[in-house]
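Student: Sharing a structure below in structure tokens format, with a few things to ask.
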Amino acid sequence: MTTGLSERFGLSYPIMLAPMGGVSGGALAAAVSNAGGLGMVGGGYGDLQWMKRELELAVAGTQRPWGVGLITWKATREAVDLALSYEPKAFFFSFGDVSPYVDAVKARGCALICQVQDLGGAREAKAIGADFIVAQGAEAGGHGAVRSTLPFVPAVVDAVDPVPVLAAGGVGDGRGLAAALALGACGAVIGTRYCATHEALMHPLAAQRLVEADGDHTQRTRVFDIARGYDWPPAYTGRALRNRFVERWHGREQALAADTAAFEQYRQAQQRADFEQALVWGGEVVDLITGIEPAAALTERIGRDAAERLRQLGAA
Ligand SMILES: Cc1cc2nc3c(=O)[nH]c(=O)nc-3n(C[C@H](O)[C@H](O)[C@H](O)COP(=O)(O)O)c2cc1C
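Going by the numbering used here, the first residue of the sequence shown is number 446, and it counts up by one from there.
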């Protein structure tokens, strides 16, 4: 399975770990890279202390290429420069205007990866010189927008040709990776499925919820951003597991925004790891999560199963 992604980074499998803020730490990124995928550290909102700790773990954990990601509308020059000082081979931006950071990333010879949610965003990413464009469907866990992976990926492939495209949103096993390649992508960005690994920085009770949940019980919503005080641009919602907090507030966002007591209750629920109230991000692909396992075993299985499936289809 040689693709533009595997060639650029010398990968065994065209799999990129999603840079999940606070979840994709250095140990998870290193494990994915060591297994032949591309591990990414999830710098999220750009907490410098967290980034230093986890970037050091990535550097110490692997000799293979790895990368880092930031939520673009919250990114700062300081966070970008800090990340670049650890010499990542790829920098993943999503959710906002990347142009202030293009020169700094390219000057280091680091691949610029832009995740997009619509065709306009894909064309902009090409115009600013993205080396890879990630087409993210609404099936994805965490923040995203409204397009669906199946039609969106080939549309982005056509719109940004010859820039290589990765698929994100709903890939959790070899079938999904094979489908992404069949759509013209050079690889898949996988997030939710990696939350249920030993190396992910997830509370064990939250990881267990991902194992037990099915995709019928996820929801794109703003209620957790409101409760946590994050002022996300209106284009983006986040897909999370449905719980009592979602049942109570989804559709009543204005009332939630005015209810400061509810914010405090939410904070306390998060502290005591009460996931009937607190957030667990998860995509529709939770259907396919049956257990918590080492990231290396997961990476190898997805890669091998995809190759086998593509061989079978080739023989059909
Ligand atoms: C727990 C979690 C946290 C995420 N955090 C980020 C983030 O900080 N930055 C980002 O660009 N994408 C983030 N994402 C979205 C991923 O980049 C990716 O698009 C998504 O996980 C792919 O879909 P999947 O979850 O179905 O694999 C997150 C996703 C999850 C599940």
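Backbone N, C-alpha and C define an ideal beta-carbon position, used for all residues, glycine too.
Bear in mind the structure is a predicted one, so any value in this text is a computation, not a measurement.
1. In its own chain, which residues sit with a C-beta less than 6 angstroms from the C-beta of residue 724, not counting the 5 before and 5 after it?
2. Return the CA-CA distance between residue 758 and residue 622, expressed in angstroms with no decimal places.
3. Can you tell which of 583, 572, 550 and 566 has its C-alpha closest to the C-alpha of residue 730?
4. Examine ligand 1 and report whether any of its heavy atoms sits within less than 6 angstroms of the Cβ of residue 388.
5. Between the Cα of residue 633 and those of 536, 712 and 620, spot the shortest distance and give me the residue it belongs to.
6. Would you say the beta carbon of residue 615 is closer than 6 angstroms to some non-hydrogen atom of ligand 1?
7. Of the choices 567, 748 and 717, whose alpha-carbon is the least far from that of residue 541?
8. Assign residue 656 to one of two classes, buried (16 or more other C-beta atoms within 10 Å of its C-beta) or exposed (fewer than that).
9. For residue 447, which option in 534, 482, 711 and 473 has the closest C-alpha, if you only look at C-alpha atoms?
10. Do residue 629 and residue 605 have their C-beta atoms closer together than 7 angstroms?
11. Measure the C-alpha to C-alpha separation of residue 571 and residue 504 and round it to an integer number of angstroms.
12. Specify, as a first and last residue, the run of the beta strand (DSSP E) that residue 456 falls within.
13. Ligand 1 and residue 735: does any heavy atom of the ligand fall closer than 6 angstroms to the residue's C-beta?
14. Would you tell me roughly how many angstroms separate the C-alpha atoms of residue 612 and residue 581, rounded to the nearest one?
15. DSSP on residue 573, reduced to helix/strand/coil?
16. Counting only runs of 4+ residues fully inside the segment 579–629, write out the alpha helix (DSSP H) ranges in chain order.
17. Indicate the three-state DSSP secondary structure (helix, strand or coil) for residue 504 in the structure shown.
18. In whole angstroms, give me the CA-to-CA distance for residue 574 and residue 543.
19. Taking the continuous alpha helix (DSSP H) assigned at residue 694, which residues delimit it?
20. Going by the CB atoms, is the gap between residue 585 and residue 614 shorter than 7 angstroms?
21. Do the segment 738–757 and the segment 690–708 make contact, defined as three or more Cβ pairs closer than 8 angstroms?
22. Among the residues of its own chain, which have a CB less than 6 angstroms from the CB of residue 476, if the five just before and after it don't count?
23. How far does the beta strand (DSSP E) with residue 475 in it extend, from its first residue to its last?
Tutor: So, from the listed chains and residues:
1. The answer, listed in chain order, is 669 and 685.
2. 13 angstroms
3. Nearest Cα to residue 730 within the set 583, 572, 550 and 566: 583.
4. Residue 388 falls outside the range modelled here, since the chain spans only 446 to 761, and no answer is possible.
5. 620
6. For ligand 1, at least one heavy atom lies less than 6 angstroms from the Cβ of residue 615.
7. Ranking 567, 748 and 717 by CA distance to the CA of residue 541 puts 567 first.
8. exposed
9. For residue 447, the nearest C-alpha among the options comes from 482.
10. no
11. 30 angstroms
12. Counting along the chain, residue 456 falls outside any beta strand (DSSP E), and DSSP gives it neither H nor E.
13. No, since every heavy atom of ligand 1 falls outside the 6 angstroms radius drawn around the Cβ of residue 735.
14. Between residue 612 and residue 581, the C-alpha separation is close to 6 angstroms.
15. Note: residue 573 maps to coil in three-state DSSP.
16. 594–605 and 619–627
17. In the three-state scheme derived from DSSP, where H, G and I count as helix and E and B as strand, residue 504 is classed as helix.
18. 10 angstroms
19. 689–694
20. yes
21. no
22. 644, 740 and 741
23. Here residue 475 belongs to no beta strand (DSSP E); instead the alpha helix (DSSP H) covers 471–479.
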